[in-house]
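S.K.: Chains as they are written, first to last, in the numbering used here: chain A, 263 to 315; chain B, 261 to 601; chain C, 261 to 601. Note that CB positions come from ideal geometry on N, CA and C, so glycine has one too. Remember, it's a predicted structure, so these values are computed and weren't measured experimentally. One structure, pasted below without further comment.
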Amino acid sequence: MTECPVCAADVESKDKIAGEVFPCVDCGTELEVRALEPFAVEPAPKEAEDWGE
Amino acid sequence: MKVAVVGGSGYVGGELLRLLLGHPEVTIEQVTSDRHVGAPVGRVHPNLRKATSLAFSPRASLRAADVTFLATPHGGSAPIVPELLASGGVVIDLSADHRLKDPSHYPRYYRQEHPHPELLEEAVYGLPERHRERLRTARLIAVPGCIATAAILALAPVAAAGTGPGRRAVVDAKSGSSASGRDAGPAGQHAERSGAMRAYAPAGHRHAAEIEQETGIGVALSCHAVEAVRGVLATVHLLDGDPPAERELWKIYRAAYAGEPFVRLVHGSDGIHREPEPKILAGTNFCDLGFASDPAHGRTVLLGALDNLGKGAAGAAVQCLNVRAGLPETTGLGFLGLHPV
Amino acid sequence: MKVAVVGGSGYVGGELLRLLLGHPEVTIEQVTSDRHVGAPVGRVHPNLRKATSLAFSPRASLRAADVTFLATPHGGSAPIVPELLASGGVVIDLSADHRLKDPSHYPRYYRQEHPHPELLEEAVYGLPERHRERLRTARLIAVPGCIATAAILALAPVAAAGTGPGRRAVVDAKSGSSASGRDAGPAGQHAERSGAMRAYAPAGHRHAAEIEQETGIGVALSCHAVEAVRGVLATVHLLDGDPPAERELWKIYRAAYAGEPFVRLVHGSDGIHREPEPKILAGTNFCDLGFASDPAHGRTVLLGALDNLGKGAAGAAVQCLNVRAGLPETTGLGFLGLHPV
């Protein structure tokens, strides 16, 4: 178990594999598994969307 | 459970009837409207056609019921509440007549003295997220204003968590036309109302008093009419010098609303709907909350979105009914909203 | 006077062409668009069908002109301005590339270093109400952002008149969909955009830097998309402890804008339109200003409304052209707007 870096929600490590990208259950940010022992995640890189306004 | 609806011909009355008709534990004994006596409910509320054989009865014919909803205009509830309470039933007032504890507000905001100020103390503010315990045994429940509900649910947890001196909030609200009811006068005519961005109350509105009463923070409120039928978005600019980081805000909101069935945190995920939006909440009892930290300007932006007829009125009334009757709070309030809409 | 329009296929480009076609002193030599090379202008701008035989030419074919308008996306103007200036003509840039004096803003707001920072000092901010003298002889004119224009015109006179320490402003802007241009992506699809009350930039937007540059007041800006095609309403909450009374505000604004042909004071008269509203300004070059004093909350509410394609872009560009060419400023800008609309 660890915390989402964006919203501090609990993030389960159960059946996650290294490098896997998944959305945080609370804030929806795409997270990437950086390590399994200890379990660590980071926001997955994404292209910033230009809102155009 | 036998219920009655007083003032059932308005938009709030109509939404309330729709929800009550779908509520498994409720039978609507009477719905009154002096303007439409004898007319079937479906003639005034087209979505309820064939859904009920109920017709409007005159207000004077009102019989006692387990719960009486007052969907009357402001000033229309206060005179009749004492007699309704005397009959032993519970009164859920959707008007503004019992929302404010301090009687001196009424002449200022509603241009008249309150006829029964002694009831103001007893009335319980109909926001289960903040007054659930008292609502379980309340005799008189005052359903909050729609803009007030969105701003209070957005502001209260952060207001309680922070301690900064001299904190203050600017609340800039946007709402749809159904918030002004059926008879919105010349300004409500489609040719004038459509496509509006209209600051109809730039520097004062009665809902500010409710927000201050519930959050303890001075609130400078401005209200705007925009192009929508349903929907309220309250943008709360909390100016507190040292705004919490977003991770902190997530924790504050999670702690405040973790178990709440109708408050959802919506912030920053990808896609179009990154912040709360009333459009997709039409017909639901949800209040979606979002936020953004703006340390460069000593500001935290808090966002609250809801359907002014849903969680902003009829939905909240039914939620309070469920709390008062000891039923699961989501009873009759399971609609998830439409998308696209 | 011979003019050219670079990037004529967008909404701003189209509005600019419409105004220039109606301008007695102007001949449009070229309008360029790499995406629509060879297509008649009327195919992209239906309101201009039969109004002109002009067709889009490729950008590379651009010839020198007395005045060149750049209706290019942000980042599209800076690279080509030096060569245009070298040809001796005047450049009126409607993009954001030369609005900010401080080069360090560009990486922060536009995600790239400015290619010609030396031009930023020379560029004149295209707001005649505040920079008329310098515009008379300018070589490079930077037309302001639409939200910035509304907020600056509303805030500047009161900001200059007051002296309260630590004054600050919260600006809560609402705008129509044409502000995001033709390619607004998934969020611009009608099913998702219609009926929106969407805080697309709750805690930061590039126009804040322009407002701060022009008024000297720290501005916490939030931007919302609402249901309209044209229109911007900037609600400025000026927090200054001791707000001027409304009589005082009238005097401040009258002194600031008495002779201005395009700024009108709209406040508190009876009827529906008591405060400024963008809806009735569509197609005009007006910026209507209103205000409300809120001493109870130490706040002055200032309102600025305009058409984001009019005074917020193409109208302002033509007004600057008139100033630069020594023509009456209203030349080609006489449209009074429609009502109802």
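Suppose you measure from the CA of C:A456 to the CA of B:K539; what does that come to, to the nearest Å?
M.R.: 6 Å
S.K.: What are the residues in the region 316–341 of chain B lying within 9 Å of chain C by C-beta distance?
M.R.: none
S.K.: Note down, one range per segment and in chain order, each alpha helix (DSSP H) of at least 4 residues found wholly within the region 355–394 of chain C.
M.R.: 365–370, 378–382
S.K.: If contact means a Cβ-Cβ distance below 8 Å, which residues of the region 561–573 of chain C contact chain B?
M.R.: V561, L563, A565
S.K.: Report whether the distance from the Cβ of C:E382 to the nearest heavy atom of the ligand HEM is below 6 Å.
M.R.: The model on display carries no ligand, and the ligand HEM is accordingly not part of it.
S.K.: Take A:G314 and list the residues in its own chain whose beta-carbon comes closer than 6 Å to its own, dropping the five residues that flank it on each side.
M.R.: Caution is warranted here: a pLDDT of 47 is assigned to A:G314, below 50, making its placement in the model unreliable, and no coordinate value can be reported.
S.K.: Only counting the same chain, and skipping five residues up and downstream in sequence, which positions put a Cβ closer than 7 Å to that of A:A306?
M.R.: V283, E292, L293, E294
S.K.: Since I believe B:Y366 is in contact with B:L569 (beta carbons under 8 Å), could you give me their beta-carbon distance rounded to a whole number of angstroms?
M.R.: Not really, about 24 Å apart at Cβ, beyond 8 Å.
S.K.: Taking the alpha-carbon positions, what's the C:A641 to C:A461 distance?
M.R.: Limits of chain C in this structure are 261 at one end and 601 at the other, which puts residue 641 of chain C out of reach.
S.K.: Indicate whether at least one CB of chain A lies closer than 7 Å to the CB of B:G528.
M.R.: yes
S.K.: Using a Cβ-Cβ cut-off of 7 Å, state whether C:A469 counts as contacting chain B.
M.R.: no
S.K.: I believe B:G603 touches B:F316 by the beta-carbon criterion, under 8 Å. Please report the beta-carbon distance rounded to the nearest angstrom.
M.R.: Here chain B comprises residues numbered 261 to 601, so residue 603 of chain B is not present and cannot be evaluated.
S.K.: What separation, rounded to the nearest whole angstrom, lies between the Cα atoms of B:V486 and C:L493?
M.R.: 11 Å
S.K.: Using a cut-off of 9 Å between C-beta atoms, extract the partners of B:L525 located in chain A.
M.R.: C269, D288, C289
S.K.: Does A:C289 come out as helix, strand or coil in the three-state DSSP assignment?
M.R.: coil
S.K.: I believe B:V304 touches B:H296 by the beta-carbon criterion, under 8 Å. Please report the beta-carbon distance rounded to the nearest angstrom.
M.R.: Right, the Cβ-Cβ distance comes to about 6 Å (below 8 Å), so this counts as a contact.
S.K.: Would you mind sorting C:A398 into buried or exposed? The rule is 16 or more other CB atoms within 10 Å of its CB.
M.R.: Burial call: buried.
S.K.: Quick check: is the beta carbon of B:K539 nearer than 7 Å to any beta carbon in chain A?
M.R.: no
S.K.: Report the three-state DSSP secondary structure of A:E315 (helix, strand or coil).
M.R.: Note that A:E315 scores 45 on pLDDT, short of 50, meaning its location in the model is unreliable; the coordinates nonetheless yield the value given after this. A:E315 falls in the coil class under three-state DSSP.
S.K.: For chain A, find out if any of its Cβ atoms is closer than 7 Å to the Cβ of B:V434; answer yes or no.
M.R.: Reading off the sequence shown, one finds Lys at residue 434 of chain B, where the question assumed Val. So no, B:K434 is outside the interface.
S.K.: If you reduce the DSSP assignment to three classes, tell me which class B:H450 lands in.
M.R.: DSSP places B:H450 in helix when its eight states are reduced to three.
S.K.: Taking C-beta to C-beta, are C:A420 and C:D353 nearer than 7 Å?
M.R.: no
S.K.: So the candidates are C:L314, C:V263, C:W510; which of them puts its Cα closest to the Cα of C:G562?
M.R.: Going by the sequence as given, residue 562 of chain C is Leu instead of Gly. For the residues C:L314, C:V263, C:W510, the minimum Cα distance to C:L562 belongs to C:W510.
S.K.: Whole angstroms is fine: what's the gap from C:E373's alpha carbon to C:G274's?
M.R.: Taking the straight line joining both Cα atoms gives about 29 Å.
S.K.: Out of B:K571, B:T590, B:G348, B:E589, point me to the one whose CA is closest to B:L413's CA.
M.R.: Cα-wise, what sits closest to B:L413 is B:K571.
S.K.: Mapping DSSP to helix, strand and coil, what is C:V578?
M.R.: helix
S.K.: With a threshold of 7 Å between beta carbons, is C:D500 in contact with chain B?
M.R.: No, C:D500 lies away from the interface with chain B (no Cβ there is under 7 Å from its Cβ).
S.K.: For the beta strand (DSSP E) that C:V265 lies in, which residues bound it at each end?
M.R.: From DSSP, the beta strand (DSSP E) with C:V265 extends over 262–266.
S.K.: Suppose you measure from the CA of B:L280 to the CA of B:T544; what does that come to, to the nearest Å?
M.R.: Cα-Cα distance, rounded: 14 Å.
S.K.: Out of curiosity, what's the CA-to-CA distance linking B:A325 and B:H467?
M.R.: Roughly 30 Å separates the two Cα atoms.
S.K.: Of all the residues that make up the region 298–312 of chain B, which are near chain A by a beta-carbon distance shorter than 7 Å?
M.R.: When CB distances to chain A are screened at a threshold of 7 Å, not a single residue of the region 298–312 of chain B falls below it.
S.K.: Select from C:L581, C:T495, C:L596, C:P377 the residue whose C-alpha is nearest the C-alpha of C:P408.
M.R.: The question names Pro, yet the displayed sequence has Ala at residue 408 of chain C. Nearest C-alpha to C:A408: C:T495.
S.K.: Where in the region 277–344 of chain C do unbroken runs of the alpha helix (DSSP H), each at least 4 residues long, occur, reported from the N-terminal end onward?
M.R.: 301–304
S.K.: How is C:K571 classed by DSSP in three states: helix, strand or coil?
M.R.: helix
S.K.: Determine, for B:A459, whether the minimum Cβ-Cβ distance to residues of chain C falls below 7 Å.
M.R.: Chain C contact via Cβ: present.
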